[in-house]
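Q:
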């Protein structure tokens, strides 16, 4: 017989209103909304329940099936990556958002009457997108549940109604452990902080729930606590259990089921709202989570402090069965965000835009609960058009339809389809699978002997090739790796290989590394980073910067790399995140030059027995990756000739004369001296390089040798009329020369200021006012280096 839950009081009202409109149900975690609402809605037809996490999908489906005394897959089932337990007769199907979007693109969810989107307050991009498309499609009754009180705004968006169920809450006492009340959550030594908080309190409580940002921290705390509480574990009175997306069925069951033993559950934010964990009276909150954000147009996974709203959700988990305690490992006045920004506002929109297009909805035609940033929208559209995944109208192309079903990041999907040969495509599939699982597969060896073996095993110091070798079955005994994560990556690789018609993993094709990497560079040049000239651990690609992560094998003598994966760590300020490159493939400048990466710039010129030569530099992200002396030709030749004229290498004296003539003409115009009836030139300012370029082109100059046919008389600038020029130069000279002192004169007309700038000469004394032109009514100043004085 099922137990009574707070949500039960809403059943009659829920069913009555469900017949009339969309519903927003606001109820706290533990109220029963995730298990009761699907069963009630099934009385009106088949129900799809969208849960944000795999572990919640599976657990909720099993719980509801158990309540009905059925096996999973009969009237209640679920579908997640690699697992499907349902049939056409299944009336309630729990799925992750990715599965729901894929089914929507295939048949519009035609077999379902009601769609329930659970835990909408998490504001994932996929649930926001799903809700927007279903709202526009208007073929289903929609039920949105949230554990926060933002239900009125949601109901207005859906043109629906609100229902509110009160939870059972006991008093929760909050403690803060911090040296300063404004201390923010900090990942440093987190396992030691957790151990101290647990060891000093566990005897006074029932079960303990510890919130940690990810599997890495869970593993560290698990090891530390098992060591500290070993005696209690051996006596069989204590159980320490990890809880995250990839735990085993046994671990998940132990975490979600009450036990005779005291339990310490180490969980990610999967336990924040999606799952109800019975018996918890003590919460230890590190205040940290891993979430994505945009950086320079790309989505990066980073470690962040949680919001105040999340902190309240976590606190509430201790007050379900009796009074409880929440211990926060940060200051009481820590400046946390009020709420976590929706993913649509902090991530790039490439994936949601492609998903919408493949479901038949150009992204710009959809309305969302919150406005989508215009910059992110434009960046995503440009990227997808460059990938040839959508057309200019936002509709999915045939190539886009191929990319979308692949269960990986859109960039990786694009790279897979862009590979020119089967072996490269297989390599990209295997790497994408390795980087798409929830945890790092392997750890860098710490010992010198093991590192040497690693170099022998994979001599290119290439993180990408190491992952591919590991995935394909090479499992050195001296290398530490997570077998469960590796198994999941292999399953993902096999799934994609089958979908793309590629050979099975055990008969994978041998890849030519340079051929593969050049194809990657051609398809996604933004992944190519070069080392900074002075800060060797920092690399740039022209618009963003990364630092080499400790888990990367990138060698000190390498100059460039393809960065396949990044991770962000919080810095001292909100916008000072340190972005680490965690999967790098070293490449040479030679490979980059074969693809003409970067920008061709022309530097110094020289005249020798070989003729006129110009230094041609290939520059990428501020680094010169190639330099040659070449004979100038084409458009670059004109720039070279201009440089040579201005640098006095050819037609000596011409550059200085033209510069002075044009400077004086522009000053003449600015002072209002122009007279249309006496000037042959229009009243327009002129730029010296532009004018010289026009003259060179008009004279048909194609090589440096052609200048032998011309003199300075062929380059006459007809500016100030000849009869005015001498008087104008005397009143407003371009330069002033005194004994041992030459000054270039700048005229700041709006402020009636003349600035004489030291150009050459050894004179120590400053110029006197009587030594200079009259400049009546002008303030006169003199500048030498960084020193500026008034001339009196």
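In UniProt numbering, the protein residues as written are 1 to 792. A virtual CB, placed ideally from N, CA and C, is assigned to each residue, including glycine. Remember, it's a predicted structure, so these values are computed and weren't measured experimentally.
1) Just checking my contact of residue 284 with residue 210 at CB under 8 Å: how many whole Å lie between their CB atoms?
2) Just confirm the distance between the C-beta atoms of residue 394 and residue 364, as a whole number of angstroms; I'd bet it's less than 8 Å.
3) Verify whether the separation of the beta carbon atoms of residue 264 and residue 255 is less than 7 Å.
4) Can you list, in chain order, the residues of its chain whose CB lies under 6 Å from that of residue 419, leaving out five sequence neighbours each side?
5) Could you spell out the range, first to last residue, of the alpha helix (DSSP H) harbouring residue 105?
6) Under a three-way DSSP split, which group does residue 224 fall into?
7) Apart from the five residues on each side of it in sequence, which residues of its chain come closer than 6 Å, Cβ to Cβ, to residue 181?
8) On the three-state DSSP scale, how would you describe residue 786?
9) Would you mind listing the alpha helix (DSSP H) stretches within the segment 542 to 627 that are 4+ residues and don't spill past its ends, in chain order?
10) Going by alpha carbons, who is nearest to residue 506 out of 533, 38, 303 and 468?
11) Taking 7 Å as the cut-off, decide whether the C-beta atoms of residue 651 and residue 645 are in contact.
12) CA-CA distance, residue 259 and residue 131?
13) Run through DSSP, which three-state label would residue 321 get?
14) If you draw a straight line from the C-alpha of residue 794 to the C-alpha of residue 352, how long is it?
15) Is the beta carbon of residue 170 closer than 7 Å to that of residue 322?
16) CB-CB under 6 Å to residue 491, same chain, minus the five flanking residues each way: which ones, in chain order?
17) Compute the distance between the beta-carbons of residue 85 and residue 57, then report whether it is under 7 Å.
18) For residue 78, which beta-bridge partners are listed by DSSP?
19) Do three or more CB pairs link the segment 726 to 736 to the segment 678 to 696 at distances below 8 Å?
20) Rounded to the nearest angstrom, what separates residue 123 and residue 344 at their Cα positions?
21) If we ignore side chains and look at the alpha-carbon of each, how far apart do residue 160 and residue 154 end up?
22) The beta strand (DSSP E) with residue 813 in it runs from where to where?
23) Spatial neighbours of residue 222 within its chain, please: CB distance less than 8 Å, with the 5 preceding and 5 following residues excluded, ordered by chain position.
24) Is residue 326 helix, strand or coil when you go by DSSP?
25) On the DSSP bridge list, what partners appear for residue 531?
26) So residue 116 and residue 55 are supposed to be a Cβ contact under 8 Å. How far apart are they, rounded?
27) Return the residue from the list 280, 277, 279 and 307 that minimises the CA-CA distance to residue 289.
28) What is the rounded straight-line gap between the Cα of residue 125 and the Cα of residue 370?
29) Taking Cβ to Cβ, would you say residue 531 is nearer than 7 Å to residue 551?
30) CA-CA distance, residue 782 and residue 673?
31) Give me whichever residues DSSP pairs with residue 211 in a beta bridge.
32) For residue 774, collect the residues of the same chain with a Cβ closer than 8 Å to its Cβ; drop the 5 residues on either side in sequence, then sort them by chain order.
33) Apart from the five residues on each side of it in sequence, which residues of its chain come closer than 8 Å, Cβ to Cβ, to residue 597?
34) Output the boundary residues of the beta strand (DSSP E) element that contains residue 735.
35) To which residues of the same chain is residue 573 closer than 6 Å at the C-beta, ignoring the five residues directly before and after it?
36) Starting from residue 48, trace the beta strand (DSSP E) both ways and give me its first and last residue.
A: In short, the structure shows the following:
1) Residue mapping note: residue 284 aligns to position 284 of the chain shown, counting from 1. Residue mapping note: residue 210 aligns to position 210 of the chain shown, counting from 1. Right, the Cβ-Cβ distance comes to about 4 Å (below 8 Å), so this counts as a contact.
2) Taking the first residue of the chain shown as position 1, residue 394 is located at position 394. Taking the first residue of the chain shown as position 1, residue 364 is located at position 364. Yes, residue 394 and residue 364 are in contact; Cβ-Cβ is about 6 Å, under 8 Å.
3) Indexing the chain shown from 1 puts residue 264 at position 264. Indexing the chain shown from 1 puts residue 255 at position 255. Contact flag unset, no.
4) Position 419 of the chain shown, counting from 1, holds the residue named residue 419. The answer, listed in chain order, is 425, 428 and 519.
5) Taking the first residue of the chain shown as 1, we reach residue 105 at position 105. Residues 97 to 107.
6) Translated into the one-based positions of the chain shown, residue 224 becomes position 224. Three-state DSSP puts residue 224 in a helix.
7) Within the chain shown, numbered from 1, the residue matching residue 181 stands at position 181. Once the five neighbours on either side are set aside, the close Cβ partners of residue 181 are 331, 332 and 333.
8) Within the chain shown, numbered from 1, the residue matching residue 786 stands at position 786. In the structure shown, residue 786 sits in coil (DSSP, three-state: anything other than H, G, I, E or B).
9) 589 to 594
10) On the chain shown, position 506 is the one that residue 506 refers to. The shortest C-alpha to C-alpha distance from residue 506 to any of 533, 38, 303 and 468 is the one to 468.
11) Within the chain shown, numbered from 1, the residue matching residue 651 stands at position 651. Within the chain shown, numbered from 1, the residue matching residue 645 stands at position 645. In contact: residue 651 and residue 645 (Cβ atoms closer than 7 Å).
12) Working through the chain shown from its first residue, we reach residue 259 at position 259. Working through the chain shown from its first residue, we reach residue 131 at position 131. So the alpha carbons of these two residues sit roughly 38 Å apart.
13) As a first step, residue 321 is located in the chain shown; it is residue number 321 there, counting from the start. Three-state result, residue 321: coil.
14) There is no way to answer for residue 794, as the model of the chain reaches only from 1 to 792.
15) Sequence index remark: in the chain shown, residue 322 carries index 322 (1-based). Sequence index remark: in the chain shown, residue 170 carries index 170 (1-based). Yes, Cβ-Cβ distance for residue 322 and residue 170 is below 7 Å.
16) The count along the chain shown starts at 1 and reaches residue 491 at position 491. Hits under 6 Å: 82.
17) For the purposes of this step, residue 85 is identified with residue 85 of the chain shown, where counting begins at 1. For the purposes of this step, residue 57 is identified with residue 57 of the chain shown, where counting begins at 1. Not in contact: residue 85 and residue 57 (Cβ atoms no closer than 7 Å).
18) Your numbering for residue 78 matches position 78 in the chain shown. DSSP lists 85 and 94 as partners of residue 78.
19) They do not touch, by the three-pair rule.
20) Stepping through the chain shown from its first residue, residue 123 is reached at position 123. Stepping through the chain shown from its first residue, residue 344 is reached at position 344. One C-alpha to the other measures close to 8 Å.
21) The count along the chain shown starts at 1 and reaches residue 160 at position 160. The count along the chain shown starts at 1 and reaches residue 154 at position 154. The alpha-carbon atoms of residue 160 and residue 154 are separated by roughly 8 Å.
22) What the structure shows of the chain is the stretch from 1 to 792, and residue 813 is not part of that stretch, so it cannot be assessed.
23) Indexing the chain shown from 1 puts residue 222 at position 222. Hits under 8 Å: 240, 242 and 266.
24) Along the chain shown, read from residue 1 onward, the residue named residue 326 stands at position 326. Three-state result, residue 326: strand.
25) Taking the chain shown and counting its residues from 1, one reaches residue 531 at position 531. DSSP, once it has assigned bridges, lists 539 as partnering residue 531.
26) As a working mapping, residue 116 is identified with position 116 in the chain shown. As a working mapping, residue 55 is identified with position 55 in the chain shown. Rounded, the Cβ-Cβ distance is 18 Å, inconsistent with contact.
27) Taking the first residue of the chain shown as 1, we reach residue 289 at position 289. Closest option to residue 289, Cα to Cα, is 307.
28) Within the chain shown, the letter at position 125 stands for residue 125. Within the chain shown, the letter at position 370 stands for residue 370. Roughly 11 Å between the two C-alpha positions.
29) Taking the first residue of the chain shown as 1, we reach residue 531 at position 531. Taking the first residue of the chain shown as 1, we reach residue 551 at position 551. Against a cut-off of 7 Å, the Cβ pair of residue 551 and residue 531 comes out as no contact.
30) For the purposes of this step, residue 782 is taken as the residue at position 782 of the chain shown. For the purposes of this step, residue 673 is taken as the residue at position 673 of the chain shown. Counting only the Cα atoms, residue 673 lies some 26 Å from residue 782.
31) As a first step, residue 211 is located in the chain shown; it is residue number 211 there, counting from the start. Residue 211 is bridged by DSSP to 267 and 285.
32) Taking the first residue of the chain shown as 1, we reach residue 774 at position 774. Correct list, in chain order: 731.
33) Taking the first residue of the chain shown as 1, we reach residue 597 at position 597. Cβ neighbours of residue 597 beyond the five flanking positions: 521, 525, 528, 618, 620 and 625.
34) Position 735 of the chain shown, counted from the first residue, corresponds to residue 735. That run of the beta strand (DSSP E) goes 735 to 738.
35) Within the chain shown, the letter at position 573 stands for residue 573. The pLDDT assigned to residue 573 is 43, lower than 50, so where the model puts this residue is not dependable, and the model offers no usable value.
36) Counting from one through the chain shown, the residue named residue 48 turns up at place 48. Run containing residue 48: 47 to 50, per the beta strand (DSSP E) assignment.
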